[in-house]
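Residue numbering for the sequence shown follows our numbering, beginning at 1292 and increasing consecutively. Think of the CB as a built atom: it goes at the ideal place given N, C-alpha and C, for glycine as much as any other residue. Just so we're clear, the structure is a prediction, and the values are computed from it rather than from any experiment.
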Amino acid sequence: MSQIQSLRGMTDLLPDEVHRWNAVENIARKQFGLVGLKEIRTPLLEATELFSRSIGEASDVVGKEMYTFFDRADRSCTLRPEGTASVVRSALQHGLLSQGPQRLWYLGPMFRYERPQAGRQRQFHQLGVEYLGLASSRIDSEVISIAWDLLLSLGLKGLVLEINSLGKAEDRRNYRTCLIEWLQDNFEHLDSDSQKKININPLRILDTKNVDTQKMLKEAPLLINNLCNESLDRFEKVQELLKALEIPFKLNPRLVRGLDYYGHTAFEILSDQLGAQSTVCGGGRYDSLIEELGGADTPAMGFAIGLERLLLILGNSISNDISPDVYFVNKGYQAETNALVLSRKLRAQNISIELDSSGSAFAKQFKRADRSGAKWALVLGDDEVSRGEVFIKRLRNSHDDKSPKQYKISSSDIDQLINFLKDKIKN
Ligand code: ATP
Ligand code: MG
1292 MSQIQSLRGM TDLLPDEVHR WNAVENIARK QFGLVGLKEI RTPLLEATEL
1342 FSRSIGEASD VVGKEMYTFF DRADRSCTLR PEGTASVVRS ALQHGLLSQG
1392 PQRLWYLGPM FRYERPQAGR QRQFHQLGVE YLGLASSRID SEVISIAWDL
1442 LLSLGLKGLV LEINSLGKAE DRRNYRTCLI EWLQDNFEHL DSDSQKKINI
1492 NPLRILDTKN VDTQKMLKEA PLLINNLCNE SLDRFEKVQE LLKALEIPFK
1542 LNPRLVRGLD YYGHTAFEIL SDQLGAQSTV CGGGRYDSLI EELGGADTPA
1592 MGFAIGLERL LLILGNSISN DISPDVYFVN KGYQAETNAL VLSRKLRAQN
1642 ISIELDSSGS AFAKQFKRAD RSGAKWALVL GDDEVSRGEV FIKRLRNSHD
1692 DKSPKQYKIS SSDIDQLINF LKDKIKN
């Protein structure tokens, strides 16, 4: 019978990789804990309207990337393509905003029907932060610094932070008029996809992945030249604060971000190691989204990091030690029973144990013990059982190389065994 394969763009994370993901997650948890962020978890499936209303009908995400289907009760459902809309929906639904500003983070899979390639999948993961109910430009720079510091604390080098201001809705309306005029003058040079967007959402054209269109857009009018003084002052302030934080940045007047709900500060963090998919982190201010989704007029700012791309850059430089403390070599009818019972008692004392359950020859079990990465092996054969002992063998050299390589401890004195192992594992 033919074997079933995973769907295109949907990737398995095998045990050898999961420990790298866990290492990233542990560092993120720690960093976010230092900032006092709280974690939120929302469902993978939402009403389609949540995304069409927030991300925008004319965006690529809503227009062609969503996994949308009707459920058994004929409701249109969508696998979430991003986290922000869901976090806002949840905060509104549960009245979190009436308890004051919310500083939240999330991690989980997102779904977009895109052409899979390195750093681009159909199921991918985002690690995101959302600040809801906070308006000042200080927040913009704080949020950017959280993303920046997390990436630095993971040991990443060669990162570039790009920022831009998308101004107020009114600034964008003015810009829209002059951009449409320019685009119409250059209509025949645009790719067909961009041509279709001119009157629906011309700003999205600036976000095109078409290289030729990108080139010609270098001549297009810039949004920054259409910002009112208030927007410009605000943007100045954000830059001043980034300088005070000693976070280097580049101004990118063409940065617009792919989703409709952004205004004022927009930013991306790029890596020089990712080739075409160079953006690891994208974010910005979205002061109109909460009202758009039925809440009161509330400012907000956030970002999302793409974990697959992050792990591509990190390579093997990050890992979580998943070796057990102890590998338990055991063979013989009574020895195997005793080893099972003893393992459970030791695990209850927080000693991690990989119990060999193969019943194979000692030599084979010792080979596996070596491969497991454990520093110590417990050994129990019927000889040890009859002598009432457990044999303990050092598998890896410690800094104290002169200490004996093996020990014998009475199997009836569990406390002595526990203390011995705890002491050795600590060192
Ligand atoms: P891109 O321009 O690369 O398509 P985007 O602007 O659509 O990115 P955002 O919606 O801003 O991406 O999502 C934030 C981050 O999530 C991106 O910077 C990227 O690291 C990651 N990301 C987005 N789409 C994918 C995908 N299909 N596969 C893997 N990672 C992704
Ligand atoms: Mg995209």
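Beta-carbon proximity check, residue i vs residue j, cutoff 8 angstroms
i: Gly-1650; j: Leu-1383; result: no
i: Ala-1319; j: Leu-1423; result: no
i: Arg-1371; j: Leu-1335; result: yes
i: Gly-1554; j: Ala-1460; result: yes
i: Leu-1686; j: Asn-1621; result: no
i: Leu-1315; j: Leu-1601; result: First, the amino acid is wrong: residue 1315 is Val here, not Leu. Yes, the Cβ-Cβ distance between Val-1315 and Leu-1601 is below 8 angstroms.
i: Asn-1501; j: Asp-1476; result: no
i: Thr-1369; j: Glu-1337; result: yes
i: Ile-1491; j: Ile-1471; result: no
i: Gln-1640; j: Ile-1581; result: no
i: Leu-1518; j: Ser-1579; result: no
i: Ile-1454; j: Leu-1542; result: yes
i: Leu-1441; j: Ser-1562; result: no
i: Glu-1356; j: Arg-1403; result: yes
i: Ile-1331; j: Ser-1389; result: no
i: Tyr-1493; j: Leu-1513; result: Note that residue 1493 is Pro in the sequence shown, not Tyr. No, these two residues do not count as a Cβ contact at 8 angstroms.
i: Gln-1697; j: Lys-1713; result: no
i: Phe-1594; j: Val-1378; result: no
i: Asp-1498; j: Ile-1346; result: no
Closest by C-alpha distance to residue i, when choosing among the options
i: Leu-1474; options: Tyr-1618, Lys-1509, Tyr-1358; result: Lys-1509
i: Val-1420; options: Ser-1428, Gly-1410, Trp-1439; result: Trp-1439
i: Val-1353; options: Arg-1363, Gly-1386, Glu-1405; result: Glu-1405
i: Ile-1515; options: Asn-1501, Thr-1504, Asn-1465, Ser-1614; result: Asn-1465
i: Ile-1538; options: Arg-1548, Ser-1436, Met-1401; result: Ser-1436
i: Val-1309; options: Lys-1699, Ser-1610, Lys-1487, Arg-1678; result: Ser-1610
i: Gly-1679; options: Asp-1714, Gln-1625, Ser-1643; result: Gln-1625
i: Gly-1374; options: Gly-1449, Ala-1535, Gly-1574, Ser-1367; result: Gly-1574
i: Ser-1297; options: Thr-1333, His-1385, Arg-1413, Met-1357; result: Arg-1413
i: Ile-1716; options: Phe-1682, Lys-1666, Gln-1697, Asp-1647; result: Lys-1666
i: Asp-1673; options: Asp-1647, Ile-1700, Gly-1623; result: Gly-1623
i: Ser-1648; options: Asn-1629, Val-1676, Glu-1479; result: Asn-1629
i: Leu-1425; options: Ala-1591, Arg-1467, Leu-1631, Ile-1496; result: Ala-1591
i: Asp-1484; options: Ile-1700, Ala-1668, Asp-1351; result: Asp-1351
i: Phe-1415; options: Gly-1327, Gly-1593, Met-1301; result: Met-1301
i: Glu-1599; options: Val-1326, Ser-1293, Gly-1399; result: Gly-1399
i: Leu-1603; options: Ala-1595, Val-1571, Val-1632; result: Val-1571
i: Lys-1699; options: Lys-1713, Phe-1653, Phe-1682; result: Phe-1682
i: His-1385; options: Tyr-1397, Ala-1364, Arg-1366, Thr-1333; result: Thr-1333
i: Arg-1576; options: Gly-1597, Arg-1548, Ala-1567; result: Arg-1548
Other residues of its chain near residue i: CB distance less than 6 angstroms, five sequence neighbours each side excluded
i: Leu-1533; result: Ser-1432, Phe-1540
i: Glu-1645; result: Pro-1615, Tyr-1618, Ser-1663
i: Ser-1428; result: Arg-1525, Lys-1528, Val-1529
i: Ala-1409; result: none
i: Gly-1458; result: Leu-1518, Ser-1522
i: Ala-1668; result: Tyr-1618, Val-1620, Ala-1660, Lys-1684, Leu-1686
Extent of the continuous beta strand (DSSP E) run through residue i
i: Ser-1608; result: Where Ser-1608 is concerned, there is no enclosing beta strand (DSSP E), given that its DSSP letter is neither H nor E.
i: Gly-1623; result: Taken as a continuous stretch (DSSP letters only), Gly-1623 belongs to no beta strand (DSSP E), as it is neither H nor E.
i: Pro-1400; result: 1393-1402
i: Arg-1685; result: 1680-1685
i: Glu-1356; result: Where Glu-1356 is concerned, there is no enclosing beta strand (DSSP E), given that its DSSP letter is neither H nor E.
i: Lys-1448; result: Here Lys-1448 belongs to no beta strand (DSSP E), and DSSP marks it neither H nor E.
i: Gln-1486; result: Counting along the chain, Gln-1486 falls outside any beta strand (DSSP E), though it belongs to the alpha helix (DSSP H) covering 1483-1488.
i: Tyr-1577; result: Segment: none, Tyr-1577 is in no beta strand (DSSP E) and carries neither H nor E.
i: Leu-1418; result: 1414-1423
i: Phe-1594; result: 1591-1597
Cutoff 8 angstroms; reference residue i; Cβ partners in own chain excluding five residues on either side
i: Leu-1605; result: Arg-1311, Val-1315, Leu-1445, Gly-1446, Leu-1447
i: Arg-1638; result: Ile-1644
Where the alpha helix (DSSP H) containing residue i begins and where it ends
i: Gly-1324; result: 1306-1326
i: Gln-1707; result: 1705-1717
i: Lys-1699; result: Run containing Lys-1699: none in the alpha helix (DSSP H); it sits in the beta strand (DSSP E), 1697-1701.
i: Val-1529; result: 1520-1535
i: Ser-1663; result: 1653-1663
i: Ser-1569; result: Ser-1569 -> no alpha helix (DSSP H), and no H or E assigned at all.
Check: residue i C-beta below 7 angstroms from any heavy atom of the ligand ZN
i: Asp-1431; result: As presented, the structure is devoid of the ligand ZN, carrying the ligand ATP and the ligand MG as its sole ligands.
Close beta carbons around residue i, own chain, < 7 angstroms, minus the five adjacent residues each side
i: Asp-1588; result: Glu-1582
i: Asp-1362; result: Cys-1368
i: Leu-1536; result: Ser-1432, Ser-1436
i: Lys-1506; result: none
i: His-1480; result: Met-1507
i: Ser-1608; result: Gly-1446
i: Pro-1407; result: Arg-1299, Gly-1300, Arg-1413
Answer yes if the region 1339-1347 comes into contact with the region 1293-1305, meaning at least three C-beta pairs across the two stretches below 8 angstroms, and no otherwise.
no
Are the region 1388-1403 and the region 1555-1571 touching by the rule of at least three beta carbon pairs closer than 8 angstroms?
no
Can we say the region 1656-1666 touches the region 1700-1709, given the rule of at least three CB pairs closer than 8 angstroms?
no
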